[in-house]
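Colleague: Take a look at the following structure, please.
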Amino acid sequence: MKDLVSVFIGRISVSVLRPPNYQPPTTSDLLFEPHQRHQRSTSILRRDENSKEVRQSIDTSVTVAKMGDHEHATIKHQDHLLLDQPLLRLPYELLRKNFRSAHFTVEKESTAIKTLLKETATASVNSRASPDDVLHNLDIMIARMRGVKRKLTAHAEEEARLTRQSGARISHLGDLYGMHSVDDVKYEAWSRARLDRLLVDYLLRHGYNESAQALTTERNMDDLVDVETFVQMSRIQESLRGKSVVEALAWCQDNKKELRKMDSNLEFMLRFQQYIELVRTQSQPKLLEAITHAKKYLAPFKATYPDELRKAFGLLAYPPNAANAVYSDLYSPERWNTLADLFTRTHNSLLALPSYPLLHIALSSGLSALKTPACHSLNSSHVAADANTATNASATAGTQSVCPICSTELNDLARNVPYAHHTKSYVEHDLLLLPNSRAYGKERLEDYAKKSGLPPDQVKDLRTGEIYPMDKLKKVFIT
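Numbering (the UniProt record's numbering), first residue to last: 1 to 479.
Take a look at the structure:
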């Protein structure tokens with residue numbers, strides 16, 4: 001399945017007009033090169049056995065890549081890097097966060113130490129403090145300074161780690177600028193490394209942390225992925241789904257200033273959920289605690305969230321088993337999943353991460369580039385109910401070997417993906433349709449037949465090797 005996925009991370013040219021020496025696409029092809037995929041629609045004018053003209057629209061979008069065309073083999077670096085913006089953005093955001101945390105630690109502790117030092121000196125000069133009191137205060141200041149040193153050491157180590165990561169990622173992306181053609185021997189390895197990164201990102205976002213870590217270790221790309229960040233996010237998500245807000249509130253406290261700048265309502269909603277859980281018990285001490293909690297954490301937001309405050313106070317009059325529709329929603333266990341989703345969105349927004357896995361973006365682009373109307377036509381046997389019958393297997397063998405979108409694994413996935421926008425097409429002139437519904441240029445058919453030693457009145461399918469008489473071929477008209 002990984003090989004199938006890799007097809008869509010690359011620039012894939014699936015063509016029904018392939019030369020005899022065609023080689024299957026590999027992961028050395030990359031995403032975001034739509035100029036290398038060209039669609040055309042063909043409409044065929046056939047005559048049946050009774051010589052009646054039948055307009056058959058096969059509406060087959062054929063992707064034709066110009067083999068060996070230097071322009072189309074050139075790597076467009078700026079297009080490739082569109083997918084890799086988070087690769088550099090996340091370490092940058094984490095470095096900013098680490099610096100702010102270190103700055104806050106220094107400001108807080110230095111202020112406290114200076115204040116204590118001033119008070120101690122004043123008391124000592126005025127003989128209001130004994131030598132033992134002075135020594136005790138000095139011990140406190142030394143302990144605080146050691147604490148500051150310990151915290152700053154941790155921040156320095158984190159900064160060094162993030163700087164190393166940034167350097168490795170810049171070097172990784174810089175390698176791409178040393179390649180100018182998809183035929184470069186280094187391109188396959190670079191493309192595979194990016195696919196591995198996308199897979200790790202997908203696994204981490206869906207909670208498969210151990211699998212992501214195993215793949216990271218196997219590929220030796222610890223500096224190219226952000227396992228720790230997503231593991232922390234996953235842990236907080238699970239705690240929220242486990243009906244605990246402790247870790248989420250701690251995260252909000254660590255990022256309080258940034259969340260305030262974002263106008264995030266995450267902390268308020270977490271406090272609101274705490275209030276709901278206190279009211280849910282309906283015990284007198286807990287109800288009193290809920291009122292105190294509301295005054296401390298909810299009331300300050302009455303101007304910002306008036307509707308929520310109104311519901312919060314009305315909740316006191318409705319126990320869980322007697323609540324109406326409005327208040328029963330507040331008691332619903334689904335709120336925990338809603339909170340987990342809210343935290344995920346806030347976390348991603350804070351760190352400038354995309355809302356969706358990068359693998360989805362890459363797959364969508366690749367699927368769209370290769371998708372044709374024929375892939376989901378009513379006559380496509382791979383989507384029929386009896387797709388597993390011998391008849392269908394023989395009928396679709398050729399299609400499945402040509403088009404990845406028509407494969408069982410990817411057909412449903414591509415169903416709602418839009419078709420790619422193509423501004424330029426390359427179509428062979430004098431197209432001829434073979435009885436097996438494959439179309440080739442007349443010149444290529446004649447040349448291949450000559451090389452195969454066939455008589456002038458016969459042609460040979462470039463892909464399947466089937467031989468047909470010339471009078472069985474039909475002219476293809478492009479509309």
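Beta carbons are placed, not taken as given, at the ideal position from N, Cα and C, and that holds for glycine. Here the structure is a predicted model, which is why all the values come from computation and not from measurement.
Can you tell me whether VAL245 is buried or exposed? The criterion is at least 16 other CB atoms within 10 Å of its CB, across all chains shown.
Modeller: For the purposes of this step, residue 245 is taken as the residue at position 245 of the sequence shown. Result: buried.
Colleague: For GLY242, count the other beta carbons within 10 Å of its own beta carbon; 16 or more makes it buried, fewer makes it exposed. Which is it?
Modeller: For the purposes of this step, residue 242 is taken as residue 242 along the sequence shown, with counting starting at 1. With fewer than 16 other Cβ atoms within 10 Å, it is exposed.
Colleague: Starting from ILE467, follow the alpha helix (DSSP H) in both directions and report where the run begins and ends.
Modeller: As a position in the sequence shown, residue 467 is number 467, starting the count at 1. Not the alpha helix (DSSP H): ILE467 falls in the beta strand (DSSP E), residues 467 to 469.
Colleague: Within its chain, find whatever has a CB closer than 8 Å to the CB of ARG169; leave out the 5 residues flanking it on each side and keep chain order.
Modeller: For this step, residue 169 is matched to residue 169 along the sequence shown. Answer for ARG169: LEU87, LEU88, PRO91, ASP223 and LEU224, listed in chain order.
Colleague: Tell me whether the beta-carbon of LEU339 lies closer than 8 Å to the beta-carbon of LEU270.
Modeller: One-based indexing of the sequence shown puts residue 339 at position 339. One-based indexing of the sequence shown puts residue 270 at position 270. Contact flag set, yes.
Colleague: Going by C-alpha to C-alpha distance, which of PRO456, PRO469, LEU473 and GLY453 sits closest to TYR440?
Modeller: Locating residue 440 in the sequence shown gives position 440, counting from the first residue. Looking at the Cα atoms, LEU473 is the closest of the given residues.
Colleague: Which of helix, strand or coil does DSSP assign to VAL476?
Modeller: To locate residue 476, count along the sequence shown from 1; it is residue 476. In this structure, VAL476 counts as strand in the three-state DSSP scheme.
Colleague: Would you list the one or two residues that DSSP bridges to SER130?
Modeller: Stepping through the sequence shown from its first residue, residue 130 is reached at position 130. SER130 is not bridged to any residue.
Colleague: Closest by CA to LEU342, which one among LEU240, GLN253 and LEU367?
Modeller: Sequence index remark: in the sequence shown, residue 342 carries index 342 (1-based). LEU342 has its Cα closest to that of LEU240, out of LEU240, GLN253 and LEU367.
Colleague: Can you tell which of TYR426, ALA374 and LYS451 has its C-alpha closest to the C-alpha of TYR419?
Modeller: Locating residue 419 in the sequence shown gives position 419, where the first residue counts as 1. Nearest option by C-alpha distance: ALA374.
Colleague: Looking only at its chain, what residues have a beta carbon closer than 8 Å to the beta carbon of LEU413, apart from the 5 residues adjacent to it on each side?
Modeller: Position 413 of the sequence shown holds residue 413. Result list for LEU413: LEU363 and LEU367, in chain order.
Colleague: Are the beta-carbon atoms belonging to ASP457 and LEU434 less than 8 Å from one another?
Modeller: Within the sequence shown, residue 457 is the residue found at index 457, counting from 1. Within the sequence shown, residue 434 is the residue found at index 434, counting from 1. It is not a contact, given that the beta carbons lie outside the stated cut-off.
Colleague: Which value, in whole angstroms, describes the spacing of the CA atoms of ASP307 and TYR275?
Modeller: The residue you call residue 307 lines up with position 307 of the sequence shown. The residue you call residue 275 lines up with position 275 of the sequence shown. The straight-line gap from Cα to Cα measures roughly 15 Å.
Colleague: Pick helix, strand or coil for LEU198, following the three-state DSSP scheme.
Modeller: Taking the sequence shown and counting its residues from 1, the one referred to as residue 198 is at position 198. In this structure, LEU198 counts as helix in the three-state DSSP scheme.
Colleague: Label ARG335 either buried or exposed according to how many other C-beta atoms from any shown protein chain fall within 10 Å of its C-beta, with 16 as the threshold for buried.
Modeller: One-based indexing of the sequence shown puts residue 335 at position 335. Classification of ARG335: buried, given that the 10 Å Cβ count is 16 or more.
Colleague: Is the beta carbon of residue 480 sitting closer than 8 Å to the one on ILE75?
Modeller: In this structure the chain extends from 1 to 479, so residue 480 is not present and cannot be described.
Colleague: Between which two residues does the alpha helix (DSSP H) containing LEU432 stretch?
Modeller: Position 432 of the sequence shown, counting from 1, holds the residue named residue 432. No alpha helix (DSSP H) contains LEU432, which is instead part of the beta strand (DSSP E) from 431 to 433.
Colleague: Please list the terminal residues of the continuous beta strand (DSSP E) segment that includes TYR440.
Modeller: Working through the sequence shown from its first residue, we reach residue 440 at position 440. Where TYR440 is concerned, the enclosing beta strand (DSSP E) stretches over 439 to 441.
Colleague: For the putative contact between HIS327 and LEU316, defined by C-beta atoms under 8 Å, what is the C-beta separation to the nearest angstrom?
Modeller: Stepping through the sequence shown from its first residue, residue 327 is reached at position 327. Stepping through the sequence shown from its first residue, residue 316 is reached at position 316. Note that residue 327 corresponds to Tyr in the displayed sequence, not to His. Actually they do not touch by this definition, with Cβ atoms about 10 Å apart.
Colleague: Classify ALA299: buried if its beta carbon has 16 or more other beta carbons within 10 angstroms, exposed otherwise.
Modeller: Translated into the one-based positions of the sequence shown, residue 299 becomes position 299. It is exposed - the Cβ of ALA299 has fewer than 16 other Cβ atoms within 10 Å.
Colleague: Going by DSSP, what residues sit across from LYS460 in a beta bridge?
Modeller: Within the sequence shown, residue 460 is the residue found at index 460, counting from 1. BP columns for LYS460 point to ILE467.
Colleague: Note down the Cα distance separating SER171 from THR122, rounded to an integer number of angstroms.
Modeller: As a first step, residue 171 is located in the sequence shown; it is residue number 171 there, counting from the start. As a first step, residue 122 is located in the sequence shown; it is residue number 122 there, counting from the start. So the two alpha carbons sit approximately 56 Å from each other.
Colleague: Between the Cα of ILE142 and the Cα atoms of LEU116, ARG197 and GLY167, which residue gives the shortest distance?
Modeller: Taking the sequence shown and counting its residues from 1, the one referred to as residue 142 is at position 142. It is LEU116.
Colleague: DSSP state of THR372, grouped into three classes?
Modeller: As a working note, residue 372 is residue 372 in the sequence shown. In the structure shown, THR372 sits in coil (DSSP, three-state: anything other than H, G, I, E or B).
Colleague: So, ALA112 versus THR120, is the Cβ gap smaller than 8 Å?
Modeller: As a first step, residue 112 is located in the sequence shown; it is residue number 112 there, counting from the start. As a first step, residue 120 is located in the sequence shown; it is residue number 120 there, counting from the start. No, the pair does not count as a contact, with Cβ atoms beyond the cut-off.
Colleague: Roughly how many angstroms lie between the CA atoms of ASN416 and PRO357, to the nearest whole one?
Modeller: The residue you call residue 416 lines up with position 416 of the sequence shown. The residue you call residue 357 lines up with position 357 of the sequence shown. Approximately 18 Å between the Cα atoms of the pair.
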